[in-house]
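Undergrad: The structure under discussion is supplied below as structure tokens; questions concerning it will follow.
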Amino acid sequence: MTAMIFVPCKDGIIHNEIDARPGHPEAVANVLLAAMVAQVQG
Numbered sequence: 001m002t003a004m005i006f007v008p009c010k011d012g013i014i015h016n017e018i019d020a021r022p023g024h025p026e027a028v029a030n031v032l033l034a035a036m037v038a039q040v041q042g
């Protein structure tokens with residue numbers, strides 16, 4: 001399985017650490033964790 005998860009940033013510019021809101025990286029990490037757990041559990 002392959003997937004991409006993007007951190008929302010100001011004006012839709014991705015990979016821009018300056019414009020990411022403080023809670024967004026944590027939310028993305030939680031999405032990644034949930035996907036990994038779901039994959040392991042089948």
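Residues 1 to 42, numbered by the UniProt record's numbering, are exactly what the sequence shown covers, in order. Positions of the beta carbon are idealized from the N, C-alpha and C atoms, including for glycine.
(1) Skipping 5 residues on each side, what residues in its chain have a beta carbon closer than 6 Å to that of residue 8?
(2) Helix, strand or coil for residue 34, going by three-state DSSP, please let me know.
(3) Hey, would you say residue 14 sits closer than 9 Å to residue 31, going by beta carbons?
(4) Residue 1 and residue 39 look like a contact to me (Cβ under 8 Å); what is the Cβ gap, rounded to whole Å?
TA: For this structure:
(1) 24
(2) helix
(3) no
(4) 6 Å
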